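S.K.:
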Amino acid sequence: MGMHEDHIREAVALAEANVEAGGAPYGAVIVQDGTVLVRAANTVHATNDPSAHAEMVALREASRLLGRRDLGDCVMYASGRPCPMCHAAMRLAGFKEGYFAFSAEEAETYGAGSATIYAELCQPLDAQPMRISQIRPPGDSPYPAWKARRTA
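Each residue of the sequence shown is one higher than the one before, starting from 3 at the first, in the numbering used here.
1) From R11 to S81, what distance separates their C-alpha atoms?
2) Determine the contact status of S53 and R83, defining contact as a CB-CB distance below 7 Å.
3) Could you tell me the distance, in whole angstroms, from the CA atom of I32 to the CA atom of V38?
4) Out of V77, A95, D51, M87, point me to the one whose CA is closest to M5's CA.
5) Within 10 angstroms of the Cβ of A19, are there 16 or more other Cβ atoms? Answer buried if so, exposed if not.
6) Among the candidates D51, H55, D35, V21, whose CA atom is the shortest distance from the CA of S116?
7) To test your reading of the DSSP string, which unbroken alpha helix (DSSP H) runs of 4 or more residues are found completely within the stretch 52-124?
8) In the DSSP assignment, what residue or residues form a beta bridge with V33?
9) Could you give the first and the last residue of the continuous alpha helix (DSSP H) run that contains T49?
10) Following a CB-centred definition, is V46 positioned closer than 6 Å to any heavy atom of the ligand GTP?
11) Under the assumption that R71 contacts A95 (Cβ atoms under 8 Å), give the Cβ distance between them as a whole number of angstroms.
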């Protein structure tokens, strides 16, 4: 467990430094083959990009460095439980393993975290606070053409 703990401590140190810099208390470290590939902190405060969470910043940089979107051979270490966006992005990038230091519930007691969003996303669409509804236009969807291009 020692190596995992070292990477978690580094993610937490990034989060602490980010708070000192005026940012949110989140840091992330991506490790490949036992070596740190990327270190990142939440940059929402600096960029006004609501998707610039530490895990997203780290994932984007790792994909850029490796020149690929499949990060299945990497491990994510995050200071807090990844929010639903970051969790989904990690899945889309092929991560098979990730670790976090602090729970979303603990973060929420301090006005941070995403435990509420996780709970909301489990509700039917019409029960969620953000209204999202399907409006299907006439004609075909783009999915058949996409599949045909991928299998050609």
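Just so you know, even glycine gets a beta-carbon here, dropped at the ideal spot from N, CA and C.
All values reported here derive from a predicted model rather than from experimental measurement.
M.R.: The structure says:
1) 8 Å
2) No, they are not a contact pair.
3) 6 Å
4) Comparing alpha carbon positions, the residue from V77, A95, D51, M87 closest to M5 is V77.
5) Exposed, by the Cβ-count rule.
6) Shortest Cα-Cα distance from S116 to any of D51, H55, D35, V21 involves H55.
7) Scanning the stretch 52-124 for uninterrupted alpha helix (DSSP H) segments of 4 residues or longer gives 56-68, 86-94, 106-110, 117-123, listed from N- to C-terminal end.
8) V38, V77
9) 46-49
10) As for the ligand GTP, it is missing from this structure, which has no ligand bound.
11) 6 Å
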